[in-house]
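Peer 1: In full-length UniProt numbering, the protein residues as written are 1 to 416.
For reference, the structure I am asking about is given below.
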């Protein structure tokens, strides 16, 4: 290999084009996924890998510009640093130039991996401490795969473009260009950009969380010392094996409509919205559990299927792009709740085995009752869930009333 001491003009062009391609892939991925287009989401992910987290474009203030710029700058400097050990493409014989071309391409792939490792480190710091140790590296594998795929699928383009421009600037010459940057002037900015990227991501998430934070309601202490109630667990003990890319409770917002009634029957709808940065799949029945008004778990039999007021389409595969929603419904018969403790809160998850979300409700369901729950289906009918967004840790409840506000209600015979 060459024994030169700095970064040549050709290598600088390659690093610059690599950064431009990295930024464009992230921009096009975010733009095409968050807007209705004729392109399916898996095809967009295949053509333009998610080099910059989709959630970055949804944050506030300067972060949608600051983080992509830092990520792009880090990739460029890492690529340039790796190319310091390869040498110019305009040297040696044709066979050696071909070998050096693939080595230069690999430098772009390695730089994309390194940049994503730093971004993932920032995400881990931002969510520290994790709710569960098993969630510490959640999402890191998919981010690294996207980065590596981008380097392999698009990494050769900046290599060819940079080498071509460098050659055009010195027509007829096969010697290295005289332009050279010392290694120290590449290494120091690379370290600074990497550190800034790791620090900026947690700061951006803190700013976004602070803007959307909702102060929790205060709870009065009990009048007399009593044992703490044992409510439903945050994750069902009866877990269901998750399929590939299933929607989990961490990246979903689950909303519920106001219950409706008809001749001794009850019905209520749920809505699940994908708040993650990647598409996810629903292919199950919702996981539903109940606590009474005192906070104790109660025994309610949950049956999969339809009821007097709801129809069950059965399990189907529902793909939700970021921001898209699915729906499911619950039906039950009116229960004689006189003298019995009613349901005071409800826990719901996309499937049994992922994180549940809890909300206060007032339903005439008692210990020993039975409810029917339908499978998830793509949201195609409106469910009144209110007008203001809610955090992913709680349900949203609507305010509509009457059958017109409940288009999902199954039509019942007029004789009832």
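All C-beta atoms, glycine included, are put in the ideal place defined by N, C-alpha and C.
Computed from a predicted structure; not experimentally measured.
(1) Report all residues from its chain with a CB closer than 6 angstroms to the CB of residue 189; omit the five preceding and five following residues, and keep chain order.
(2) Could you have a look at residue 341 and say whether DSSP puts it in helix, strand or coil?
(3) I need the DSSP call for residue 329, collapsed to helix, strand or coil.
(4) Excluding the 5 residues preceding and the 5 following residue 344 in the sequence, name in chain order all residues of the same chain whose CB lies nearer than 8 angstroms to its CB.
(5) Under 6 angstroms Cβ to Cβ from residue 298, same chain only, skipping five residues before and after it: list those, please.
(6) Under DSSP, the alpha helix (DSSP H) around residue 18 begins and ends at which residues?
(7) Straight-line CA distance for residue 251 to residue 96?
(8) Please return the same chain residues whose Cβ sits closer than 7 angstroms to the Cβ of residue 39, not counting the five positions on each side in sequence.
(9) When the Cα of residue 75 is compared with those of 83, 49, 115, 236, which residue comes out closest?
(10) For residue 271 and residue 327, which I take to be in contact (beta-carbon distance under 8 angstroms), what is that distance rounded to the nearest angstrom?
(11) Using a threshold of 9 angstroms, state whether the C-beta atoms of residue 231 and residue 283 are closer than that.
(12) I'd like to know if the stretch 306-321 and the stretch 351-358 are in contact, where contact means that at least 3 CB-CB pairs between them fall below 8 angstroms.
(13) Spatial neighbours of residue 197 within its chain, please: CB distance less than 7 angstroms, with the 5 preceding and 5 following residues excluded, ordered by chain position.
(14) Give the secondary structure of residue 107 by DSSP, where H, G and I count as helix, E and B as strand, and everything else as coil.
(15) Does the beta-carbon of residue 8 have 16 or more other beta-carbons within 10 angstroms, so that it is buried, or is it exposed?
(16) So, at 6 angstroms on beta carbons, what are the nonlocal neighbours of residue 22 in its own chain, with the 5 sequence-adjacent residues on each side left out?
Peer 2: Taking the coordinates as given:
(1) Position 189 of the chain shown, counted from the start, is the residue given in the question as residue 189. Within the same chain, residue 189 has close Cβ partners 77.
(2) Counted from its first residue, the chain shown places residue 341 at position 341. Of the three classes helix, strand and coil, the one that applies to residue 341 here is coil, per DSSP.
(3) Numbered from its first residue, the chain shown carries residue 329 at position 329. Strand.
(4) Position 344 of the chain shown, counted from the start, is the residue given in the question as residue 344. Taken in chain order, the residues that qualify are 291, 292, 293, 294, 295, 360, 361, 362.
(5) For the purposes of this step, residue 298 is taken as the residue at position 298 of the chain shown. Same-chain partners within the cutoff: 290, 292, 367.
(6) Reading the chain shown from its first residue, position 18 is the one you call residue 18. First-last of the alpha helix (DSSP H) with residue 18: 9-33.
(7) Position 251 of the chain shown, counted from the first residue, corresponds to residue 251. Position 96 of the chain shown, counted from the first residue, corresponds to residue 96. Roughly 49 angstroms separates the two Cα atoms.
(8) Reading the chain shown from its first residue, position 39 is the one you call residue 39. Contacts found: 32.
(9) Taking the first residue of the chain shown as position 1, residue 75 is located at position 75. Among 83, 49, 115, 236, the Cα nearest to that of residue 75 belongs to 115.
(10) Here residue 271 corresponds to residue number 271 of the chain shown, with the count starting at 1. Here residue 327 corresponds to residue number 327 of the chain shown, with the count starting at 1. With 8 angstroms as the limit, residue 271 and residue 327 qualify as a contact, their Cβ atoms being about 5 angstroms apart.
(11) Residue 231 sits at position 231 when you count from the first residue of the chain shown. Residue 283 sits at position 283 when you count from the first residue of the chain shown. It is not a contact, given that the beta carbons lie outside the stated cut-off.
(12) no
(13) Against the chain shown, residue 197 aligns to sequence position 197. Closer than 7 angstroms at the Cβ level, and outside the excluded window around residue 197, lie 70, 71, 74, 118, 119, 122.
(14) Taking the chain shown and counting its residues from 1, one reaches residue 107 at position 107. Note: residue 107 maps to helix in three-state DSSP.
(15) As a position in the chain shown, residue 8 is number 8, starting the count at 1. Buried.
(16) Start at 1 with the first residue of the chain shown, and residue 22 comes out as number 22. Counting only Cβ-Cβ distances below 6 angstroms, and skipping sequence neighbours, we find 51, 72, 75.
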